[in-house]
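Notes to accompany the following structure.
Number of protein chains: 2
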Amino acid sequence: MNIGDAAAQSELAPKTIRYYESVGLIQSPARTAGGYRDYGEADVQTLRFVARARGLGFSVAQVAELLSLYNDRDRTSADVKAITMAHIDDIDRKMAELESMKNTLSHLVHMCHGDDRPDCPILDDLAKPADH
Amino acid sequence: MNIGDAAAQSELAPKTIRYYESVGLIQSPARTAGGYRDYGEADVQTLRFVARARGLGFSVAQVAELLSLYNDRDRTSADVKAITMAHIDDIDRKMAELESMKNTLSHLVHMCHGDDRPDCPILDDLAKPADH
DNA sequence: ATTGACGTTCCAGTGACTGGAACCCTTATA
DNA sequence: TATAAGGGTTCCAGTCACTGGAACGTCAAT
Numbered sequence: 246m247n248i249g250d251a252a253a254q255s256e257l258a259p260k261t262i263r264y265y266e267s268v269g270l271i272q273s274p275a276r277t278a279g280g281y282r283d284y285g286e287a288d289v290q291t292l293r294f295v296a297r298a299r300g301l302g303f304s305v306a307q308v309a310e311l312l313s314l315y316n317d318r319d320r321t322s323a324d325v326k327a328i329t330m331a332h333i334d335d336i337d338r339k340m341a342e343l344e345s346m347k348n349t350l351s352h353l354v355h356m357c358h359g360d361d362r363p364d365c366p367i368l369d370d371l372a373k374p375a376d377h
Numbered sequence: 246m247n248i249g250d251a252a253a254q255s256e257l258a259p260k261t262i263r264y265y266e267s268v269g270l271i272q273s274p275a276r277t278a279g280g281y282r283d284y285g286e287a288d289v290q291t292l293r294f295v296a297r298a299r300g301l302g303f304s305v306a307q308v309a310e311l312l313s314l315y316n317d318r319d320r321t322s323a324d325v326k327a328i329t330m331a332h333i334d335d336i337d338r339k340m341a342e343l344e345s346m347k348n349t350l351s352h353l354v355h356m357c358h359g360d361d362r363p364d365c366p367i368l369d370d371l372a373k374p375a376d377h
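As structure tokens, this is what we get:
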């Protein structure tokens, strides 16, 4: 199967698949006589694994770990769970940061008339002297 | 004032300040006879504006817009409000994405024993065939 | 034989810094 | 006065995860 079909089936862009190959996340597939990458069902399965894991926000490095655990019969589910929980912690941290930004911004937006005049509490806040 | 002191007062790293100068976000400050950057109070004020705006998640490009509005006496608060609201929308989108990832991941983590055995619902989910 | 839709490689750019090398300036001390 | 420490300077490269684009090759159908 050509890269285009593999891409369609895995919901990755062909460019992305080549990139993953170039950084060693996935193995180089077979090639046709003409030099085209030739993907089999197992390759597409791996590609989908990667696409789903990336879609859940795992970094490429984490996906590499998950893939290697997936292919390791002696893995422990504790290892997989640890990676996943660390990732959830990461997400929690990001969400808290966004939440705090949003609270401040929402407050400022409510203060601002948003009309033709230049007076603006948002700019006033950004320009205010340091706290401590 | 040297870059180190300006950095301390604005809570930016010296490297970051030089970077902002190199991309045109802030103006090049005066130089001493020895070639050191020499910051005044107004420069530090701008630096703090930038630091605070970046801390609220505005992109460097957005900070540039905000700075130019700040320095424009004919600005309208509507323009500032529009940028801010667009940024809040951005944050909302990111938060929703993170929320959805987190829901899925939390569910999977709860399913996983996290023990010495290899059976793992997390990997099973990542490896499951495509939906549609 | 030619067209068009695919495929190939390689280089460069994105955003927002950050690390590091090689070097210069300033100030305090022996 | 020499020197050492702790600033500062520039410039290049690396990060992360792609993405765009150029220049070219392959394949299937007309």
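For the protein sequence lines, the chains are A and B, in the order given. Throughout, this note's numbering is defined as the position within the first sequence, counted from one, plus 245. Throughout, this note's numbering is defined as the position within the second sequence, counted from one, plus 245. Just so it is clear, CB atoms sit at the ideal spot from N, CA and C, and this is done for glycine as well.
Near residue i, which residues of its chain fall below 7 angstroms by C-beta distance, leaving aside the five closest residues on each side in sequence?
i        : result
B/Ser273 : Glu266
A/Gln307 : Ile328, His332
A/Ala296 : Ser255, Glu256, Leu257
A/Asp370 : Leu353
B/Pro259 : Ile248, Gly249, Ala252
A/Thr277 : Asp283
B/Phe303 : Leu311, His332
Kindly say whether residue i, judged by its beta-carbon, lies nearer than 8 angstroms to any beta-carbon of chain B.
i        : result
A/Met246 : no
A/Gly302 : yes
A/Thr321 : yes
A/Tyr315 : yes
A/Leu270 : no
A/Arg293 : yes
A/Val305 : no
A/Ala253 : no
A/Ser351 : yes
A/Ile367 : yes
A/Ile262 : no
A/Thr277 : no
Measure from the C-beta of residue i to each C-beta in chain A and report whether the shortest distance is under 8 angstroms.
i        : result
B/Ala375 : yes
B/Arg362 : yes
B/Gly359 : yes
B/Leu343 : yes
B/Val354 : yes
B/Ile333 : yes
B/Leu257 : no
B/Asn299 : According to the sequence displayed, residue 299 of chain B carries Arg and not Asn. Output row for B/Arg299: interface = no.
B/Arg318 : yes
B/Lys347 : yes
B/Ala372 : yes
Start and end of the alpha helix (DSSP H) containing residue i?
i        : result
B/Glu286 : 286–300
B/Pro378 : Residue numbering for chain B in the displayed model covers 246 to 377; residue 378 of chain B lies beyond these limits and cannot be assessed.
B/Thr329 : 322–356
B/Gln254 : 248–255
B/Ser273 : Counting along the chain, B/Ser273 falls outside any alpha helix (DSSP H), and DSSP gives it neither H nor E.
B/Ser313 : 305–315
A/Arg318 : Per DSSP, A/Arg318 belongs to no alpha helix (DSSP H) and is neither H nor E.
B/Arg263 : 259–267
Excluding five sequence neighbours on each side, which residues of the same chain lie with their C-beta closer than 8 angstroms to the C-beta of residue i?
i        : result
B/Ile367 : Leu353, Val354, Met356, Cys357
B/Ser313 : none
B/Val289 : Met246, Ala251, Gln254, Ser255
A/Arg293 : Gln254, Ser255, Glu256
A/Tyr281 : Asn247, Ile248
A/Glu286 : none
With residue i and residue j assumed to form a contact (beta carbons below 8 angstroms), what rounded beta-carbon distance in angstroms separates them?
i        : j        : result
A/Ala251 : A/Ile262 : 7 angstroms
A/Gly249 : B/Ser322 : Between B/Ser322 and A/Gly249 the Cβ distance is about 50 angstroms, and since that is not below 8 angstroms, they are no contact.
A/Leu343 : B/Lys339 : 6 angstroms
B/Tyr284 : B/Met246 : 5 angstroms
B/Leu270 : A/Leu350 : Not a contact, Cβ separation roughly 20 angstroms.
Is it true that the stretch 287–306 of chain A meets the stretch 310–318 of chain B, where meeting means three or more beta-carbon pairs spaced less than 8 angstroms apart? no
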